[in-house]
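**Student:** Got a structure for you, questions after.
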Amino acid sequence: MKNIALVPLLLSLSCGTPETAAEPNFGASSQALPPVDNLVWNGGTMFHNPKVYVTFWGSDWTTGVGTAPADTTTASNYIITFWQRMGGSPWMGTQSQYCSDAAVGDILCAPGSANFTNPTDVFQGWWFDDSDDPPASVNRLSIEWETQFARDHFGAYDSESILVIYTPPGVYDALTATGGSACAWHSGAETEDGAVPAGHYAYIYIPWLPSKGAGCGANLGSPTDDLFGHGILDGFSKASGHEFAETVTDPFYGNGWTDSTGLKGENGDKCNANAGVRNVGFGGANGFFAVQPLWSNAAGGCDLGSTPAVSFDATSYNFGTVEVAMKTTAQPFVVKNTGNADLKIDFAAASGANPGDYWIYEDDCAGKTLRPSSDDTCVIWVMFVPWAFGARSAALSVFSNAPLMPFVTLTGNGTLQRMGFLPNAVQLLGTLVGTSSSAVVRMVNLGSKAQLISAARLVDSTRSFSMVGDQCTGATLLPKASCIVNVQFTPRSTAAVNAFITVQGAGENKPWAVRVKGKGEGPEGQLSSTALAFDDVLIGASAAQTVTVRSIGRAALSLGNIVSSSGDFTVANGCPQSIATGSSCTLTVTFRPSATLQRGGTIIVNTNGRPLSLAVGGEGQRPQGVIDAGRLGFAGRPGTKSVRFLNAGAGTLHVTSVSVTGDFSVVHNCALLAAGAQCSLNVTYLGTHNGNPNGSLFISDDGWSGQHVIPLYGQPHLAK
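Going letter by letter, the sequence shown gives residues 1416 to 2135 in this note's numbering.
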């Protein structure tokens, strides 16, 4: 391939001195280019609806190299997830202000202009090219050679296609190697004269960044690494986003949107200071990534887009020392949105060592939306109820659309009470629904002074308990003396429920309390398995498995309707109308896949007790042709090379046609291939054409993949 006099634009993350060669190196120092002025339109090229194609070059990406999370497997998943979530994000939306039909020298676009659209589907796919490993020291020519292979592999011939090349650990070019001046760069290339389709295209080169440390972005968004890669892999999201933003607004250096300095600063370069990097939420699981601000003419500075942020009015709170099983008054914690986008709160929760000791008494934040930079607030009320002696701790946080989850550290201590209960917890289990059982709770004066009891009460929101005897109210308990309260449990369902008996001492600020637990019994079923996994099943065929329903309750079990969340799984009910306690019957689950790949769902068996849940899963299969070569090259000499074609799927694969174009011929024995079978194709380079010697091998089948295309090269492309 030949270059079209395009200068690579480089990230200014590693230290160095700008080069003074014919192709200058910008962003080479550890300082960002100063935002001295706005970007201006130079009248050249910019992209409106770009399409990104990612290539992981070399076998290290598929075999796995490094130690997690700084390994190639984790990194490729991190990179793919970033590209999938980045399109349409508010962060990249800051660049939607730039257009291609402004007057040269303008800094703003008129309404209705041809702007960058920030498409949600910007990411078109990825490719693990392990057919050839890159050399340890790549150069611009070899990188552009790989972009051409990627272009052909994806069919990425659209004028706004962007080819992104990632190389594995140990592979760098002169600009990104140790002592080099860049972390990543973008540029453009032009196809070989006579190639189809002709023209120039944009590409980005990003080497292995974790080994380059904080200078190339590691741990700039997350100081601590997690299993997904946040932290050590932060450089990949920062560099990828930086280069993409510059490629969109100035794909072929200097004629798009740049500032008016002699250095032609682009939107990424002008805001490249590491201090501006932070995690921004893109949505979904693990959906926050470290990115840098991008230059915004509309804002007159560097802009991270719209991101909500949770802020509490306290970072910690100590409830002090409280008697075991006694509750404190509720403590308010105020939540505010300190970001620059709407904060949508789902709910508050306690986590950590002893979350059950901290009760969220009232959650005013649940379901609320807090506007940024406003007086909008909400309050979470928390009570401390220690259930054991000694130090008790937890963390209060809210689940929301913010990328980060700050928390309030909650602490307190449980201590012995002066009055004790025997037993210290009451459990009324095994009571049939509709019947009653009872228990005696004895209160003992453990102190050294007499205690007058002013009142004994039952606190029960479930209406399942009642006090049927009270000898404590009005009693005076001498040291070591006791009184009793009788509690009755009448379960309304088979659910587990709680209540409290509180005893208030005269002159005491807080009552003493004992927890009462109950669980009703009735009809109850149990499945022999909670999940069924089916082997691969061909489309159009079916497979069946059985699951046993056993009645384990204290009353006969009846089955109601059976609901499947997926039409691929159906259930035949072989059970009688009533199943006696200790008896069982069988359900038959049939899997008929309607499509390939993983199919799954949940089957709910409704009963006169609790519903029973069964997870089901399987994979639909069909034949799948796989070829063992990504391309064939003949180095300009006539000759024959063989490739193998394998049925890697299930069932019989029908090869419907085989053909070649260009200066080639093919002979093969491919027709019907059973699962696991293979055939051979012998491709011959004839060497008879004086023009373009290149072509393609086409294989069509009735399997999953459909058609396979392999580039054929009679002689290598030479740089000009």
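For every residue, glycine included, the Cβ atom is placed at its ideal position computed from N, Cα and C.
1. Out of curiosity, what's the CA-to-CA distance linking R1930 and T1877?
2. What does a CB cutoff of less than 6 Å around K1934 pick up in its chain, not counting 5 residues either side in sequence?
3. With DSSP run on the structure shown, which of helix, strand or coil describes K1934?
4. Excluding the 5 residues preceding and the 5 following H1568 in the sequence, name in chain order all residues of the same chain whose CB lies nearer than 7 Å to its CB.
5. Pull up the distance between the alpha-carbon of R2158 and that of S1546, whole angstroms please.
6. Which of the three DSSP states, helix, strand or coil, is assigned to F1441?
7. If we count Cβ pairs, one from each stretch, closer than 8 Å, do we get three or more for the region 1698-1714 versus the region 1467-1479?
8. Give the straight-line distance between the Cα atoms of A1970 and R2007, rounded to the nearest whole angstrom.
9. By DSSP, does W1506 sit in helix, in strand, or in coil?
10. Express the C-alpha separation of E1939 and L1847 in angstroms, rounding to a whole number.
11. Less than 8 Å between the C-beta atoms of V2041 and L1947, yes or no?
12. Just grab the DSSP bridge partners of R1500 for me.
13. Pull up the CB-CB distance for D1536 and G1570, whole angstroms please, since I reckon it's below 8 Å.
14. Measure the C-alpha to C-alpha separation of L1974 and I1967 and round it to an integer number of angstroms.
15. Please say whether Y1468 and T1520 have beta carbons closer to each other than 8 Å?
16. Give me the residue from H1463, G1849 and S1726 with the minimum Cα distance to F1880.
17. Tell me which same chain residues have a C-beta within less than 7 Å of the C-beta of I1647, skipping the five on either side of it?
18. Report the three-state DSSP secondary structure of W1472 (helix, strand or coil).
19. Could you please give me the residues that DSSP links to K1759 through a beta bridge?
20. Would you report the Cα separation of Q1886 and P1770, rounded to the nearest angstrom?
21. DSSP on P2126, reduced to helix/strand/coil?
22. With burial defined as no fewer than 16 other Cβ atoms inside 10 Å of the residue's Cβ, what is the status of F1984: buried or exposed?
23. Can you list, in chain order, the residues of its chain whose CB lies under 7 Å from that of S1908, leaving out five sequence neighbours each side?
24. Closest to I1494 by C-alpha separation, out of N1530, D1790 and S1655, would be which residue?
25. Is the beta carbon of V1902 less than 8 Å from the beta carbon of L1873?
26. Considering only DSSP beta bridges, list what W1560 is partnered with.
27. By alpha-carbon positions, which one of T2011, T1888 and L1893 ends up nearest to L1861?
28. So what's T1662 in DSSP terms, helix, strand or just coil?
29. Do H1601 and E1661 have their beta-carbon atoms positioned less than 8 Å apart in this structure?
30. Which first and last residues belong to the beta strand (DSSP E) in which A1870 is found?
31. Just reading off the beta strand (DSSP E) that I1967 is part of, what are its end residues?
32. Counting pairs of Cβ atoms below 8 Å between the region 1735-1742 and the region 1695-1702, do you hit three or more?
33. From the DSSP output, in three-state form, read off I1580 for me.
34. Quick one: what does DSSP say Y1513 is sitting in, helix, strand or coil?
35. Bridge partners for E2034 per DSSP, in chain order?
36. Over the uninterrupted beta strand (DSSP E) stretch that includes D1674, give me the two end residues.
**Tutor:** Result, derived from the coordinates:
1. Numbered from 1 along the sequence shown, position 515 holds the residue referred to as residue 1930. Numbered from 1 along the sequence shown, position 462 holds the residue referred to as residue 1877. Between the C-alpha atoms of R1930 and T1877 there is a straight-line separation of about 14 Å.
2. By one-based count along the sequence shown, residue 1934 stands at place 519. So the qualifying residues of the chain are L1844 and A1911.
3. In the sequence shown, counting from the first residue as 1, residue 1934 sits at position 519. Here K1934 sits in strand by DSSP.
4. The count along the sequence shown starts at 1 and reaches residue 1568 at position 153. For H1568, where only same-chain residues beyond five positions count, the Cβ hits under 7 Å are W1542.
5. Look at the range of the chain in this structure, 1416 to 2135, and you will see that residue 2158 is not part of it.
6. Numbered from 1 along the sequence shown, position 26 holds the residue referred to as residue 1441. Residue confidence is low: F1441 scores 28 on pLDDT, short of 50, so the model does not pin down where it sits. No coordinate-derived value is stated.
7. Counting Cβ pairs under 8 Å, fewer than three are found: no touch.
8. For the purposes of this step, residue 1970 is taken as residue 555 along the sequence shown, with counting starting at 1. For the purposes of this step, residue 2007 is taken as residue 592 along the sequence shown, with counting starting at 1. Cα to Cα, A1970 sits roughly 36 Å from R2007.
9. Here residue 1506 refers to the residue found at position 91 when the sequence shown is read from its first residue. Here W1506 sits in helix by DSSP.
10. On the sequence shown, residue 1847 is found 432 positions in, with the first residue counted as 1. On the sequence shown, residue 1939 is found 524 positions in, with the first residue counted as 1. Cα-Cα distance, rounded: 12 Å.
11. Numbered from its first residue, the sequence shown carries residue 2041 at position 626. Numbered from its first residue, the sequence shown carries residue 1947 at position 532. Result no, Cβ atoms of V2041 and L1947 do not sit closer than 8 Å.
12. Taking the sequence shown and counting its residues from 1, the one referred to as residue 1500 is at position 85. Note: R1500 sits in no beta bridge, so no partner.
13. For the purposes of this step, residue 1536 is taken as residue 121 along the sequence shown, with counting starting at 1. For the purposes of this step, residue 1570 is taken as residue 155 along the sequence shown, with counting starting at 1. For a cut-off of 8 Å, the C-beta gap from D1536 to G1570 is around 16 Å, too long to register as a contact.
14. To locate residue 1974, count along the sequence shown from 1; it is residue 559. To locate residue 1967, count along the sequence shown from 1; it is residue 552. Whole-angstrom Cα-Cα distance: 14 Å.
15. As a first step, residue 1520 must be located in the sequence shown, where it is residue number 105. As a first step, residue 1468 must be located in the sequence shown, where it is residue number 53. First, the amino acid is wrong: residue 1520 is Gly here, not Thr. Contact: no.
16. Here residue 1880 refers to the residue found at position 465 when the sequence shown is read from its first residue. The residue among H1463, G1849 and S1726 with its C-alpha nearest the C-alpha of F1880 is G1849.
17. Start at 1 with the first residue of the sequence shown, and residue 1647 comes out as number 232. Once the five neighbours on either side are set aside, the close Cβ partners of I1647 are P1484, A1485, P1625, A1633, N1634 and D1640.
18. By one-based count along the sequence shown, residue 1472 stands at place 57. Strand, per DSSP.
19. The sequence position of residue 1759 within the sequence shown is 344, counting from 1. Paired residue(s): T1784.
20. Here the question's residue 1886 lines up with position 471 in the sequence shown. Here the question's residue 1770 lines up with position 355 in the sequence shown. The alpha-carbon separation between Q1886 and P1770 amounts to approximately 35 Å.
21. Taking the sequence shown and counting its residues from 1, the one referred to as residue 2126 is at position 711. Reduced to three states, the DSSP call for P2126 is strand.
22. The residue labelled residue 1984 in the question sits at position 569 within the sequence shown. The residue in question, F1984, is buried, as its Cβ has 16 or more Cβ neighbours within 10 Å.
23. As a working mapping, residue 1908 is identified with position 493 in the sequence shown. Result list for S1908: V1848 and G1935, in chain order.
24. Numbered from its first residue, the sequence shown carries residue 1494 at position 79. Looking only at N1530, D1790 and S1655, the smallest Cα-Cα distance to I1494 is reached by S1655.
25. Residue mapping note: residue 1902 aligns to position 487 of the sequence shown, counting from 1. Residue mapping note: residue 1873 aligns to position 458 of the sequence shown, counting from 1. It is a contact, given that the beta carbons lie within the stated cut-off.
26. Within the sequence shown, residue 1560 is the residue found at index 145, counting from 1. Beta-bridge analysis with DSSP links W1560 to no other residue.
27. As a working mapping, residue 1861 is identified with position 446 in the sequence shown. Comparing Cα-Cα distances from L1861 to each of T2011, T1888 and L1893, the minimum goes to L1893.
28. Numbered from 1 along the sequence shown, position 247 holds the residue referred to as residue 1662. Reduced to three states, the DSSP call for T1662 is helix.
29. Working through the sequence shown from its first residue, we reach residue 1661 at position 246. Working through the sequence shown from its first residue, we reach residue 1601 at position 186. E1661 is a Cβ neighbour of H1601, given a cutoff of 8 Å.
30. Locating residue 1870 in the sequence shown gives position 455, counting from the first residue. Its beta strand (DSSP E) spans residues Q1866 to V1874.
31. On the sequence shown, residue 1967 is found 552 positions in, with the first residue counted as 1. According to the DSSP assignment, I1967 belongs to no beta strand (DSSP E), since it is labelled neither H nor E.
32. These segments do not touch.
33. As a position in the sequence shown, residue 1580 is number 165, starting the count at 1. Looking at I1580 - three-state DSSP - the assignment turns out to be strand.
34. Here residue 1513 refers to the residue found at position 98 of the sequence shown. Shown here, Y1513 sits in coil according to DSSP, grouped into three states, outside any helix or strand.
35. Within the sequence shown, residue 2034 is the residue found at index 619, counting from 1. According to DSSP, which records beta bridges pairwise, E2034 is partnered with Q2013.
36. For this step, residue 1674 is matched to residue 259 along the sequence shown. W1672 to D1674 is the span of the beta strand (DSSP E), which, as asked, contains D1674.
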